[in-house]
Amino acid sequence: MGAVGHPGDLPPVEVSLYNKDMRSGTVNHSILSIGKEEGVGNFLRSIPTRESLQCPRGSVVSFHDIQYTIKQSHGPLCKRTTVEKKILYNVCGIMKPGLNAILGPTGSGKSSLLDVLAARKDPAGLSGQVLVDGFPQPPNFKCISGYVVQVSVSAAESGNRQASSAGFKMGDWTSHAESCLGSLTLGVISDEEQNVDRSMVETLHQQYLNSSQYRDTREELKKVELSQQNEQGKSRHVNKVTYANGFFTQLYWVSKRAIKNLIRNPQASVAQIAVTIILALIVGAIFFGVKLDRTGIQNRVGSLFFVTTNQCFSSVSAIELFIKDKKLFVHQYTSGYYRVSAYFFALMIGDLLPMRTVPVIIFSCISYWMIGYQAVAGRFFFFMLTLALVSYAATAMSLAISAGMNVVAIANLFITICFVFMLIFSGLLVNLPSVMGWLNWLKYFSIPRYGLTALQVNEFRDLYFCGENPQNITASPGNAVDCSPNATQFGETCYGETYLCSQGIASTNWAMWENIVALGCMTAIFLLIAYGKLRFMKKFT
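Spelled out as structure tokens, the structure:
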């Protein structure tokens, strides 16, 4: 029996603990006590006997002085006060093996108490002790126990066929014990189950008790009991029960689920590919066939800026990855289904590869040749690589911001604001060398700047915009570029290297690849931030 509630606010509510096996005659069998009580709530396992082996065994769960308090804020933002509210107050009880029930009115704290017993409550505000067979709950309690939550949490890919055939997923292997027990009740109808002759069961038990396996097991258990007594309450060194499957098995199944969700959600897969194709055709039609004249410079810069910006804003859809499946992830992680790392890498496989790489390849193959950039294979593949890394970096930033958030609209607002400030320092809207020094450092946090700079160097090198290019004045890559007025003809920029120099961009090979390295580093940093937030986020109810 335990009292739940605050003693000063409301009268205490009585919550009754009811064990079905405590009532005589309710079931055909009786579950014997698996231990003896050593003080208050201290249950120690005893050596198995003939009688105990003939009955099901379980664990005794006892809880003592459980108190759980939450903090609630009241009032306006300027005068907000925090009030503590007690959900559980000095709750004590014992649950023996068998069917137990917690009875009480609505709002008395039954669900909160179950969450505490299942080690799913936030330790902040929680006090008391929960013992399993007289010992504190191990850290891996979630891996050795099962818990059904009240809120319905199901995977998105579980359709009617998966739900109806869930019981047929088990393999053909059956243990000898299950085969034996199944044969005992073969041909027995429900009315006769209460009067089944147990002679065969007793014979099997007698054979086991006379076997060497039972004697060896009994000797080993005696050694374990003696070692526990010698340690005098010190921590026990036993094999730690962890996840049932290894990391790669978890990664395989979670990745399979992510890919299955992608296939079954055409709005996020086929629709995005279709939009990418349409957008690439529109961009290619607007900037179709850029020329080697004054308009060619403007059209090239404008088209490169557009494709870079498009890759950034197309990655905003990644914010839903962590938010929409947050409840499912918390439920399955706390239940010991998989590790955080397996879930994180599975999302990367199910999103970065199909949802970011495939659209980039399609967009590059259409827009590059329609716009009329330099028809060189190396420059084309560098163009595709740059767009892919811009998309990866923007996606990683979206994941880093959205991880841990609950509302998609708020995450979308933060990401949009970040991209707007990044576009200001991309290099097109403002001449970066002219920006004041105390603000110029912000350009190093701009994802579009790295992408646009790499694409400009890749495209503008070896281009001549003042008619036919004389063979004796072509600037070779890696050489110093003349940014003086002599490099212009009638006030026009003739060389692509000259335009790059006017923007404060070098025309060397490293000027291209340093931006690729920067995008890769930003992607890795943002992914680490997203993983850290996912790892240390609040996973309690």
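So in full-length UniProt numbering, spot 126 of the sequence shown is number 126, and the numbers just go up one at a time.
Quick reminder that beta carbons are idealized off the backbone N, C-alpha and C, glycines included.
Note that the structure is a prediction, hence the values are computed from the model and not measured.
> Would you call the CB atoms of A101 and Y147 closer than 8 Å?
Replying inline: Residue 101 sits at position 101 when you count from the first residue of the sequence shown. Residue 147 sits at position 147 when you count from the first residue of the sequence shown. A101 is not a Cβ neighbour of Y147, given a cutoff of 8 Å.
> Since S73 sits in a beta bridge, which residues does DSSP pair it with?
Replying inline: On the sequence shown, position 73 is the one that residue 73 refers to. In the DSSP output, where bridge partners are listed per residue, S73 has T82.
> Between which two residues does the beta strand (DSSP E) containing A518 stretch?
Replying inline: Counted from its first residue, the sequence shown places residue 518 at position 518. Note, A518: premise wrong, no beta strand (DSSP E); alpha helix (DSSP H) at N509 to R535.
> When the Cα of G496 is compared with those of D65, A244, I297 and W253, which residue comes out closest?
Replying inline: Numbered from its first residue, the sequence shown carries residue 496 at position 496. Taking only the C-alpha atoms, the option nearest G496 is I297.
>> Between which two residues does the alpha helix (DSSP H) holding I102 run?
In response: Translated into the one-based positions of the sequence shown, residue 102 becomes position 102. Premise fails: I102 lies in the beta strand (DSSP E), N100 to L103, not in any alpha helix (DSSP H).
>> Do F421 and L432 have their beta-carbon atoms positioned less than 8 Å apart in this structure?
In response: One-based indexing of the sequence shown puts residue 432 at position 432. One-based indexing of the sequence shown puts residue 421 at position 421. The answer is no: Cβ separation not under 8 Å.
> In three-state DSSP terms, what is S502?
Replying inline: As a position in the sequence shown, residue 502 is number 502, starting the count at 1. In this structure, S502 counts as helix in the three-state DSSP scheme.
>> Tell me which residue opens and which closes the beta strand (DSSP E) that L463 is part of.
In response: Sequence index remark: in the sequence shown, residue 463 carries index 463 (1-based). First-last for L463: undefined, no H or E at that position.
> Thinking C-beta only, is Q67 closer than 8 Å to S127?
Replying inline: Within the sequence shown, the letter at position 127 stands for residue 127. Within the sequence shown, the letter at position 67 stands for residue 67. Yes, the pair counts as a contact, with Cβ atoms nearer than the cut-off.
> Expressed to the nearest angstrom, what Euclidean distance is found between the alpha-carbon atoms of V408 and A318?
Replying inline: Here residue 408 is taken as the residue at index 408 of the sequence shown, counted from 1. Here residue 318 is taken as the residue at index 318 of the sequence shown, counted from 1. Looking at the two C-alpha atoms, the distance is approximately 10 Å.
> Around the C-beta of C494, are 16 or more other C-beta atoms found within 10 angstroms, so that it is buried, or is it exposed?
Replying inline: Taking the sequence shown and counting its residues from 1, the one referred to as residue 494 is at position 494. With 16 or more other Cβ atoms within 10 Å, it is buried.
>> So, for N440: in the same chain, excluding its five sequence neighbours on each side, which residues have a beta-carbon less than 8 Å away from its beta-carbon?
In response: Within the sequence shown, residue 440 is the residue found at index 440, counting from 1. Excluding the 5 residues flanking it on each side, N440 has same chain C-beta neighbours closer than 8 Å at L432, in chain order.
> For V360, which residues of its own chain have a beta-carbon under 8 Å away from its beta-carbon, when the five flanking residues on both sides are left out?
Replying inline: Here residue 360 refers to the residue found at position 360 of the sequence shown. Answer for V360: Q311, M384, L387, A388 and S391, listed in chain order.
> Can you tell me whether DSSP reads T493 as helix, strand or coil?
Replying inline: Locating residue 493 in the sequence shown gives position 493, counting from the first residue. Strand, per DSSP.
> beta strand (DSSP E) containing S391: first to last residue?
Replying inline: What you label residue 391 is simply residue 391 of the sequence shown in a count that begins at 1. Unbroken run through S391 is the alpha helix (DSSP H), A377 to S402; no beta strand (DSSP E).
> Secondary structure at G93, three-state DSSP: helix, strand or coil?
Replying inline: One-based indexing of the sequence shown puts residue 93 at position 93. G93 falls in the strand class under three-state DSSP.
>> Tell me the DSSP secondary structure of Y337 in three-state form.
In response: In the sequence shown, the residue the question calls residue 337 occupies position 337. Of the three classes helix, strand and coil, the one that applies to Y337 here is coil, per DSSP.
> How long is the line joining the alpha carbons of G520 and L114, rounded to whole angstroms?
Replying inline: Here residue 520 refers to the residue found at position 520 when the sequence shown is read from its first residue. Here residue 114 refers to the residue found at position 114 when the sequence shown is read from its first residue. Taking the Cα positions, G520 is about 46 Å away from L114.
> Is C501 buried or exposed, if buried means 16 or more other CB atoms sit within 10 Å of its CB?
Replying inline: Within the sequence shown, residue 501 is the residue found at index 501, counting from 1. The residue in question, C501, is buried, as its Cβ has 16 or more Cβ neighbours within 10 Å.
> Fully enclosed by the segment 268-355, which alpha helix (DSSP H) runs are 4 residues long or longer?
Replying inline: If we require 4 residues or more, the alpha helix (DSSP H) runs fully inside the segment 268-355 come out as 270-286, 294-314, 320-324, 326-334 and 340-351.
> Given that a residue counts as buried once 16 or more other Cβ atoms are within 10 Å of its Cβ, and exposed if not, what is Y531?
Replying inline: Reading the sequence shown from its first residue, position 531 is the one you call residue 531. So Y531 counts as buried.
> Within the chosen definition, does the segment 333-342 reach the segment 522-530 through at least 3 CB pairs nearer than 8 Å?
Replying inline: Taking 8 Å as the limit for Cβ pairs, the verdict is that the segment 522-530 does not touch the segment 333-342.
>> Looking at the secondary structure, which residues open and close the beta strand (DSSP E) in which Q129 lies?
In response: Stepping through the sequence shown from its first residue, residue 129 is reached at position 129. L126 to V132 is the extent of the beta strand (DSSP E) around Q129.
> Roughly how far, in whole angstroms, is the beta-carbon of S269 from the beta-carbon of I323, given that I think they are within contact range, below 8 Å?
Replying inline: The residue you call residue 269 lines up with position 269 of the sequence shown. The residue you call residue 323 lines up with position 323 of the sequence shown. Not a contact, Cβ separation roughly 19 Å.
>> To the nearest angstrom, how far is the alpha carbon of R300 from that of K291?
In response: Locating residue 300 in the sequence shown gives position 300, where the first residue counts as 1. Locating residue 291 in the sequence shown gives position 291, where the first residue counts as 1. Rounded to whole angstroms, R300 to K291 spans 9 Å at the Cα level.
>> For a quick check, are the C-beta atoms of T276 and F363 less than 8 Å apart?
In response: The sequence position of residue 276 within the sequence shown is 276, counting from 1. The sequence position of residue 363 within the sequence shown is 363, counting from 1. A distance below 8 Å separates the beta carbons of T276 and F363.
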